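S.K.: Got a structure for you, questions after.
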Amino acid sequence: MLDSTIARGGPFARLSTLWRRGLGRNTTLAVALILLSGILFIAIVGPWIAPYDPIAIGEGDWRQPPSREHIMGTDNFGRDIFSRLVYAARLDLAIGLAVALLCFAAGSLIGAFSGYFGGRLDDIVMRLSDIVISFPAFILAMGITAMLGTEIIYVIVAVAVAYTPYFIRITRSEMLSIREMDYADAAKVAGNPQWRIIVRHLMPNSINVALVQASLAVGWAILDVAGLSFLGLGIQPPTAEWGVMVRDGVSGIVSEEWWIYFFPGAAIALTVLGFNLLGDGLRDLWAPESK
Amino acid sequence: MNLPGFVLKRFSLALLTLLGALIAVFLLTRILPGNPAKYRAGAFAPPETVAEIEKQMGLDKPLHVQFARYMNGLLHFDLGTSWNTRRPVADDLARRLPASLELSVASFLLATVIALPLGIIAAVKKGSLFDQLSRFVTTISASVALFWMGTMLIYLLYYRWQLVPAPTGRLDILLPAPDRITGFYVLDSLLTGNMETLFSSLKHLFLPAFTLSIAVMGIIVKGARTSMLEVLRMDYIRTAYALGMSRRQVVLEQALQNALIPVITILALVFGFLMAGNVVVEMLFSWPGIGHYAWNALLSKDFDSVQGFLLFVSAGYVLLNLLVDLTYGLVDPRIRLGMRGKNA
Numbered sequence: 021m022l023d024s025t026i027a028r029g030g031p032f033a034r035l036s037t038l039w040r041r042g043l044g045r046n047t048t049l050a051v052a053l054i055l056l057s058g059i060l061f062i063a064i065v066g067p068w069i070a071p072y073d074p075i076a077i078g079e080g081d082w083r084q085p086p087s088r089e090h091i092m093g094t095d096n097f098g099r100d101i102f103s104r105l106v107y108a109a110r111l112d113l114a115i116g117l118a119v120a121l122l123c124f125a126a127g128s129l130i131g132a133f134s135g136y137f138g139g140r141l142d143d144i145v146m147r148l149s150d151i152v153i154s155f156p157a158f159i160l161a162m163g164i165t166a167m168l169g170t171e172i173i174y175v176i177v178a179v180a181v182a183y184t185p186y187f188i189r190i191t192r193s194e195m196l197s198i199r200e201m202d203y204a205d206a207a208k209v210a211g212n213p214q215w216r217i218i219v220r221h222l223m224p225n226s227i228n229v230a231l232v233q234a235s236l237a238v239g240w241a242i243l244d245v246a247g248l249s250f251l252g253l254g255i256q257p258p259t260a261e262w263g264v265m266v267r268d269g270v271s272g273i274v275s276e277e278w279w280i281y282f283f284p285g286a287a288i289a290l291t292v293l294g295f296n297l298l299g300d301g302l303r304d305l306w307a308p309e310s311k
Numbered sequence: 056m057n058l059p060g061f062v063l064k065r066f067s068l069a070l071l072t073l074l075g076a077l078i079a080v081f082l083l084t085r086i087l088p089g090n091p092a093k094y095r096a097g098a099f100a101p102p103e104t105v106a107e108i109e110k111q112m113g114l115d116k117p118l119h120v121q122f123a124r125y126m127n128g129l130l131h132f133d134l135g136t137s138w139n140t141r142r143p144v145a146d147d148l149a150r151r152l153p154a155s156l157e158l159s160v161a162s163f164l165l166a167t168v169i170a171l172p173l174g175i176i177a178a179v180k181k182g183s184l185f186d187q188l189s190r191f192v193t194t195i196s197a198s199v200a201l202f203w204m205g206t207m208l209i210y211l212l213y214y215r216w217q218l219v220p221a222p223t224g225r226l227d228i229l230l231p232a233p234d235r236i237t238g239f240y241v242l243d244s245l246l247t248g249n250m251e252t253l254f255s256s257l258k259h260l261f262l263p264a265f266t267l268s269i270a271v272m273g274i275i276v277k278g279a280r281t282s283m284l285e286v287l288r289m290d291y292i293r294t295a296y297a298l299g300m301s302r303r304q305v306v307l308e309q310a311l312q313n314a315l316i317p318v319i320t321i322l323a324l325v326f327g328f329l330m331a332g333n334v335v336v337e338m339l340f341s342w343p344g345i346g347h348y349a350w351n352a353l354l355s356k357d358f359d360s361v362q363g364f365l366l367f368v369s370a371g372y373v374l375l376n377l378l379v380d381l382t383y384g385l386v387d388p389r390i391r392l393g394m395r396g397k398n399a
């Protein structure tokens, strides 16, 4: 019974009442959801709407400006930019979501236990987070991929490692106040084991902030992975990835063929914007006082 | 907590973090599977060659011996030797640091001049057009890839409109560098009274600095706005209004200085973004700073240089954080008395 009352306060229950509470009044969230569902749709149906092969080298149509055959033009190898863009959407979204999921899962669990138990464990966790945070996230990710290698999975891990401490900190500080609440005592008195108190009773109430953070983290991850790839330290060509595509357009730094780098960069900006707005919208929804 | 206790605690925490970062960099560059000796020897090198290079690099020794050597080197400011330049990494970094600092300082100033007033005014006129504008700047700054922004700015401002010089470094190609006093070309030109290099360096500095400033503008706008809003909600502001002061007086004479204090705390964050942005911007503009150096080192697995760069950035970050904490604790006693959480 106690569970159900607490679950009602959880984020997922609230999502169902989202519409009634007026998605229309939360324009940020509405714009974010529309933008993101559009991008997600394109990513899902990508292989069916892409008119050309994203990798195969085109025949003779190098660096064609946007035209009816190639609505976003072609790149240095005659590949259709629109097709590559659409395939890249899958990869970039998948990477962004994977990073955010890893950070969210690891960060909120570690943060919750660390905050709840305090003491020595908490000290160790906090010092370790301080160490990771003492490297700017992008630079740490750069170092890790340079040493680990540039396979997709390593790139994901590198970026996730760099951002996890932020999730640990944020969940921990929530936990510090939540564990003092009456219902925490109630759950304890009811005889729940400690892990159950943390996971079932307390975490659902600390998870909102972590979810906001997670949706922002998808954006950061996409930016960082594209940045790594642009520098040659992330996803490698000829894979269709937005950062790789911008890089393709910057041969010789200045190039007249603006369409080669304009469209993928714009895709990054729109997607990241979507996740940033989602984060802001969720925050407005769950903690309107911080607006 | 009294003042010496506060300083001591912050200091020892920073030292601990720094030590941890040293160990982390050591582990990162030795334990992870990418074997630099193998990379150096080439893909088809026989195992004997790899072993030989490993021996040269000291990688055949047990880990604790390697660590002892590493720490011993650090104590003597020895960061090893760069494989690319064949020079001591510490020298390389020191020689290239002024270029990066000049770029970072210029972007920081540019960002502050634009973003700080924007954030302050946005808070004072909450909900106004200005506020919308500030939100727009913040969102753009957080959503746009720096490397893309830079590319487009180069295309428009250099290629299309010829407003700025080619992105090929700090000066016109034929121009000799000014005599080195600080390593900041703008300052050195001024000090030596060399107008030609002064204008050339300013022209070359503008676009990279502006590009880089976009990376931090959003953080500064947001920081200033949040902090100002918090101050404006305080009782003493209401009292000031009640005493009949005008809004102008209240904002400029009462609120502003208190609102600027918390803005200090984002400085470390700003430094982090500037450092990461430096790598991208220096690569785009062929800017001969440590970011460019690190990029080359990372691509060619120049092990000691990568290590040196990571150590430098992390040490800078920790020190700056310490400085910020101490300043903040000094200016605002509530912090050291533990009356406000760090995230308050």
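First to last, the protein sequences are chains A and B. Numbered per the working numbering, the first sequence finishes at 311, counting up by one with no gaps. Numbered per the working numbering, the second sequence finishes at 399, counting up by one with no gaps. For glycine and all other residues, C-beta sits at the position ideal for the given N, C-alpha and C. Fair warning: this is a prediction, and the values are worked out from it, not measured in the lab.
Got a sec? Which residues, its chain only, sit under 6 Å from S193(A) by beta carbon, not counting five neighbours each side?
M.R.: none
S.K.: Determine the contact status of S162(B) and S268(B), defining contact as a CB-CB distance below 8 Å.
M.R.: yes
S.K.: Expressed to the nearest angstrom, what Euclidean distance is found between the alpha-carbon atoms of T84(B) and G60(B)?
M.R.: 36 Å
S.K.: Looking at the C-beta of D150(A), does it have a partner C-beta in chain B at a distance below 8 Å?
M.R.: Yes, because at least one Cβ of chain B sits closer than 8 Å to the Cβ of D150(A).
S.K.: So is A76(A) buried or exposed if we call it buried at 16+ other beta carbons inside 10 Å?
M.R.: exposed
S.K.: Can you give me the Cβ contacts of V145(A) inside the same chain, cut-off strictly under 7 Å, excluding the 5 residues immediately before and after it?
M.R.: I130, S134, I188
S.K.: Could you tell me the alpha carbon to alpha carbon distance between L298(B) and L287(B), rounded to whole angstroms?
M.R.: 15 Å
S.K.: Hey, out of L260(B), T223(B), A295(B), P317(B), whose CA is closest to F239(B)'s CA?
M.R.: L260(B)
S.K.: State whether the stretch 252 to 262 of chain A contacts the stretch 162 to 180 of chain B, with contact taken as three or more CB pairs (one from each stretch) at a distance under 8 Å.
M.R.: Under the Cβ criterion (8 Å, minimum of three pairs), the stretch 252 to 262 of chain A does not count as touching the stretch 162 to 180 of chain B.
S.K.: Counting C-beta neighbours from all protein chains within 10 Å, is the total for Q111(B) 16 or more, i.e. buried, or is it exposed?
M.R.: exposed
S.K.: So, using beta-carbon positions, are M283(B) and A170(B) closer together than 8 Å?
M.R.: no
S.K.: With a cut-off of 8 Å, do at least 3 Cβ pairs link the stretch 58 to 75 of chain B to the stretch 54 to 69 of chain A?
M.R.: no
S.K.: Which same chain residues end up closer than 7 Å to A180(A) when comparing Cβ atoms and leaving out the 5 residues on each side of it in sequence?
M.R.: V119, L122, C123
S.K.: Are the beta-carbon atoms belonging to L339(B) and G128(B) less than 8 Å from one another?
M.R.: no
S.K.: Would you say L354(B) faces chain A, with C-beta separation under 8 Å as the test?
M.R.: It does: the Cβ of L354(B) has a partner Cβ on chain A nearer than 8 Å.
S.K.: For the alpha helix (DSSP H) containing V238(A), list its first residue and its last residue.
M.R.: 223 to 250
S.K.: Output yes or no for whether 8 Å exceeds the beta carbon distance between S360(B) and A370(B).
M.R.: No, Cβ-Cβ distance for S360(B) and A370(B) is not below 8 Å.
S.K.: DSSP on D357(B), reduced to helix/strand/coil?
M.R.: coil
S.K.: Going by the CB atoms, is the gap between A260(A) and R83(A) shorter than 8 Å?
M.R.: no
S.K.: Residue range of the alpha helix (DSSP H) that G78(A) falls in?
M.R.: Segment: none, G78(A) is in no alpha helix (DSSP H) and carries neither H nor E.
S.K.: Grab me the residues of A96(B)'s own chain with a C-beta within less than 7 Å of its C-beta, minus the 5 sequence neighbours each way, in chain order.
M.R.: T104, V105, I108
S.K.: Using a Cβ-Cβ cut-off of 7 Å (strictly less than) and excluding sequence neighbours within five positions of G344(B), which residues of its own chain qualify?
M.R.: R151, A154, S155, L158, N333, E337
S.K.: Going by alpha carbons, who is nearest to G116(A) out of G138(A), A132(A), I172(A), G78(A)?
M.R.: I172(A)
S.K.: Apart from the five residues just before and just after F32(B), which ones in its own chain have a Cβ nearer than 8 Å to its Cβ?
M.R.: Absent from the model: residue 32(B). The displayed extent of chain B is 56 to 399, so no value can be given.
S.K.: Please report the straight-line C-alpha distance between M21(A) and A182(A), rounded to a whole angstrom.
M.R.: Confidence in M21(A) is poor, its pLDDT being 37 and thus under 50, which makes the residue's placement unreliable; the coordinate value appears in the next sentence. Looking at the two C-alpha atoms, the distance is approximately 40 Å.
S.K.: Less than 8 Å between the beta carbons of G285(A) and A331(B), yes or no?
M.R.: no
S.K.: DSSP state of D100(A), grouped into three classes?
M.R.: strand
S.K.: Should W350(B) be flagged as near chain A, meaning a C-beta pair shorter than 8 Å?
M.R.: yes
S.K.: Name the chain A residues whose beta carbon is nearer than 7 Å to that of S301(B)?
M.R.: Chain A residues near S301(B): none, gap ~27 Å exceeds 7 Å.
S.K.: State the CB to CB distance for the pair I274(B) and F328(B), rounded to an integer number of angstroms; the pair is presumed to be in contact (CB under 8 Å).
M.R.: 7 Å
S.K.: Using only alpha-carbon positions, find the residue among A349(B), K356(B), S355(B), L385(B) that is nearest to T320(B).
M.R.: L385(B)
S.K.: Secondary structure at T94(A), three-state DSSP: helix, strand or coil?
M.R.: strand
S.K.: Give me whichever residues DSSP pairs with P143(B) in a beta bridge.
M.R.: T136(B)
S.K.: Please identify, using Cβ separations under 9 Å, the residues of the stretch 153 to 169 of chain B that lie next to chain A, in order along the chain.
M.R.: none
S.K.: Is there a C-beta anywhere in chain B that falls below 8 Å from the one on G301(A)?
M.R.: It does not; no Cβ of chain B falls within 8 Å.
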